[in-house]
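Asker: Pasting a structure below so you can have a look.
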Amino acid sequence: MKYILENDRFRVVLESMGAEIKSVWDKEQGLEHMWSGDPAYWGKTSPFLFPFIGKLEKERFIHEGKMYPADKHGFGQRVEYEAAEQTREAICFRFRDTEATRAIYPFSFVLEIAYMLQEDGIREEWRVKNTGEGAMYFSLGGHAAFACPPAEEGKSGSRVGQRVKLHGVDPNGELYSLRVNHKGLITEELLPILPENSSFAITEELFAGDALIFDREGITAVGLCDPEGREYARVECDAPVWGIWSHSDSGAGYVCLEPWYGICDFAGYEGELKERPHIQTVMPGETWAGGSRICF
405 MKYILENDRF RVVLESMGAE IKSVWDKEQG LEHMWSGDPA YWGKTSPFLF PFIGKLEKER
465 FIHEGKMYPA DKHGFGQRVE YEAAEQTREA ICFRFRDTEA TRAIYPFSFV LEIAYMLQED
525 GIREEWRVKN TGEGAMYFSL GGHAAFACPP AEEGKSGSRV GQRVKLHGVD PNGELYSLRV
585 NHKGLITEEL LPILPENSSF AITEELFAGD ALIFDREGIT AVGLCDPEGR EYARVECDAP
645 VWGIWSHSDS GAGYVCLEPW YGICDFAGYE GELKERPHIQ TVMPGETWAG GSRICF
């Protein structure tokens, strides 16, 4: 089911399946800020990643010695959420564990994803309440695909020549991305990125090897800029890991800016779920809270 939020500047369309933002129409500029979801490249717009980020070794995880299957990015993007609360400018989606989810992820929980319109964008709040009897382990994150560059309705531009800006890093310091193999698992190889004033250009080959993954402290936000460096979209978050991704075909007119509280598996990982890098933990009866802000 579709839901609409609106203020003086934005008209936002959301979908209860996956609690996903589908459109952010900028009434002042006459532009669409989100990717269209063209299935020729990628049929989604902003899936929410839960309870995993990316691929897991052998597409499974181990909890207390037992193996469970695990799809890429988890099931949070493929379930129907309840619209628990809604006003003209805000909505809260809620999902509770089910018998089906417990069969593949043995935890009881309530997941809430709230969106609140602001003058310059959207604030998101993410809450995970542990309703079970033991510690709960999870990862979560955003995967919003922004039109790159923004375009008038029905039109799209080329991402080549646009720029990615990292806030909170040394403007001209060394920068390295983790690399993934053909299975989507992290390798020991690093990809050097050459920033200029904290930003780097989107080339035809930038995403040929899948996502850029920055596992480092200090990044406070990631933005998209035009070739002259003017920023037109930014995601702010204190997440420990950031993914930046688009389709390998340079004709795809979008780039995903992804704050992650978690990370895909390193190739060969055989440990328990609770030992995975950047895993989040919430104890019985407690609530984990996080969020991000999207600015235009």
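Quick note on this note's numbering: the sequence shown kicks off at 405 and runs consecutively.
Cβ coordinates follow ideal geometry from the N, Cα and C atoms, glycine included.
Within the 8 Å Cβ cut-off, does L582 reach chain C?
Answerer: The structure shown contains no chain C; it holds only a single protein chain.
Asker: At the level of alpha carbons, what is the spacing between P455 and V514?
Answerer: Here residue 455 is taken as the residue at index 51 of the sequence shown, counted from 1. Here residue 514 is taken as the residue at index 110 of the sequence shown, counted from 1. Distance between the alpha carbons of P455 and V514 is about 12 Å.
Asker: A504 by DSSP, collapsed to three states: which one?
Answerer: Taking the sequence shown and counting its residues from 1, one reaches residue 504 at position 100. It is helical.
Asker: Output the distance between the C-alpha atoms of G666 and I623, rounded to the nearest integer angstrom.
Answerer: In the sequence shown, the residue the question calls residue 666 occupies position 262. In the sequence shown, the residue the question calls residue 623 occupies position 219. Their Cα atoms are separated by approximately 15 Å.
Asker: Using the Cβ count rule (16 or more neighbours within 10 Å means buried), how would you classify E592?
Answerer: Counting from one through the sequence shown, the residue named residue 592 turns up at place 188. The residue in question, E592, is exposed, as its Cβ has fewer than 16 Cβ neighbours within 10 Å.
Asker: Could you compute how far the alpha carbon of E516 sits from the alpha carbon of E410?
Answerer: Position 112 of the sequence shown, counting from 1, holds the residue named residue 516. Position 6 of the sequence shown, counting from 1, holds the residue named residue 410. Cα-Cα distance, rounded: 21 Å.
Asker: Nearest-angstrom Cα distance between F670 and D475?
Answerer: In the sequence shown, counting from the first residue as 1, residue 670 sits at position 266. In the sequence shown, counting from the first residue as 1, residue 475 sits at position 71. Each residue's Cα considered, the two are about 16 Å apart.
Asker: What residues match up with A656 in a beta bridge as DSSP calls it?
Answerer: Here residue 656 is taken as the residue at index 252 of the sequence shown, counted from 1. Paired residues: none, contrary to the question.
Asker: Can you tell me the Cα-Cα spacing of S427 and Y485, whole angstroms?
Answerer: The sequence position of residue 427 within the sequence shown is 23, counting from 1. The sequence position of residue 485 within the sequence shown is 81, counting from 1. Roughly 18 Å separates the two Cα atoms.
Asker: Enumerate, from N- to C-terminal direction, the unbroken beta strand (DSSP E) stretches of 3 or more residues contained entirely within the stretch 545-593.
Answerer: Counting only runs of 3 or more, we get 548-555, 567-571, 579-584.
Asker: If distances are taken between C-alpha atoms only, which option among F611, T502, W439, L616 comes closest to L582?
Answerer: Residue 582 sits at position 178 when you count from the first residue of the sequence shown. Nearest C-alpha to L582: L616.
Asker: Near Y673, which residues of its chain fall below 6 Å by C-beta distance, leaving aside the five closest residues on each side in sequence?
Answerer: Numbered from 1 along the sequence shown, position 269 holds the residue referred to as residue 673. Result list for Y673: E461, in chain order.
Asker: Does the stretch 532-541 come into contact with the stretch 564-573, if we say contact requires no fewer than three beta-carbon pairs (one atom in each stretch) closer than 8 Å?
Answerer: At 8 Å Cβ cutoff, the stretches do not touch.
Asker: What's the C-alpha gap between P681 and P663?
Answerer: Position 277 of the sequence shown, counted from the first residue, corresponds to residue 681. Position 259 of the sequence shown, counted from the first residue, corresponds to residue 663. So the two alpha carbons sit approximately 15 Å from each other.
Asker: Use the C-beta contact count for Q433: other C-beta atoms within 10 angstroms, 16 or more gives buried, fewer gives exposed.
Answerer: Reading the sequence shown from its first residue, position 29 is the one you call residue 433. Exposed: under 16 other Cβ atoms inside 10 Å.
Asker: When you compare only the Cα positions, how much space is there between E635 and K448?
Answerer: Taking the sequence shown and counting its residues from 1, the one referred to as residue 635 is at position 231. Taking the sequence shown and counting its residues from 1, the one referred to as residue 448 is at position 44. Going by the C-alpha atoms only, they are around 23 Å apart.
Asker: Please classify G633 as buried or exposed, where buried requires at least 16 neighbouring CB atoms within 10 angstroms.
Answerer: Residue numbering aside, residue 633 sits at position 229 when the sequence shown is read from its first letter. G633 comes out exposed.
Asker: Name the residue from C641, C660, N576 whose alpha carbon lies nearest to the alpha carbon of G694.
Answerer: Here residue 694 refers to the residue found at position 290 when the sequence shown is read from its first residue. The residue with the shortest Cα to Cα distance from G694 is C641.
Asker: So R563 packs on A656, CB below 8 Å; how close in whole Å?
Answerer: Residue 563 sits at position 159 when you count from the first residue of the sequence shown. Residue 656 sits at position 252 when you count from the first residue of the sequence shown. Indeed, because the Cβ distance is near 7 Å, the residues count as touching under 8 Å.
Asker: Between which two residues does the beta strand (DSSP E) containing K426 stretch?
Answerer: One-based indexing of the sequence shown puts residue 426 at position 22. Run containing K426: 424-430, per the beta strand (DSSP E) assignment.
Asker: Out of E419, V626, P510, S512, point me to the one whose CA is closest to Y519's CA.
Answerer: Here the question's residue 519 lines up with position 115 in the sequence shown. If we check each option's Cα against that of Y519, E419 comes out closest.
Asker: Would you say F762 and A637 are within 8 Å of each other, going by their C-beta atoms?
Answerer: For the chain, the structure presents residues 405 to 700; residue 762 sits outside this window and is missing.
Asker: According to DSSP, is K533 helix, strand or coil?
Answerer: Residue mapping note: residue 533 aligns to position 129 of the sequence shown, counting from 1. Residue state, collapsed to three classes: strand.
Asker: In the DSSP output, what is G434 paired with across the bridge?
Answerer: Reading the sequence shown from its first residue, position 30 is the one you call residue 434. Per DSSP, none; premise fails for G434.
Asker: When the Cα atoms are used, what is the spatial distance from A708 to A605?
Answerer: Look at the range of the chain in this structure, 405 to 700, and you will see that residue 708 is not part of it.
Asker: Taking buried to mean at least 16 other C-beta atoms within 10 Å of its own C-beta, is I408 buried or exposed?
Answerer: In the sequence shown, counting from the first residue as 1, residue 408 sits at position 4. Exposed: under 16 other Cβ atoms inside 10 Å.
Asker: Take V659 and list the residues in its own chain whose beta-carbon comes closer than 8 Å to its own, dropping the five residues that flank it on each side.
Answerer: Mapped onto the sequence shown, residue 659 falls at position 255. A549, F550, C552, R563, Q566, V568, I606, L628, I648, W649, S650, listed in sequence order.
Asker: Using the rule of at least 16 other Cβ atoms within 10 Å of the residue's Cβ for burial, across every protein chain shown, is H437 buried or exposed?
Answerer: Numbered from its first residue, the sequence shown carries residue 437 at position 33. Buried, because 16 or more other Cβ atoms sit within 10 Å of the Cβ of H437.
Asker: Quick one, are the C-beta atoms of S440 and G546 less than 8 Å apart?
Answerer: On the sequence shown, residue 440 is found 36 positions in, with the first residue counted as 1. On the sequence shown, residue 546 is found 142 positions in, with the first residue counted as 1. Not in contact: S440 and G546 (Cβ atoms no closer than 8 Å).
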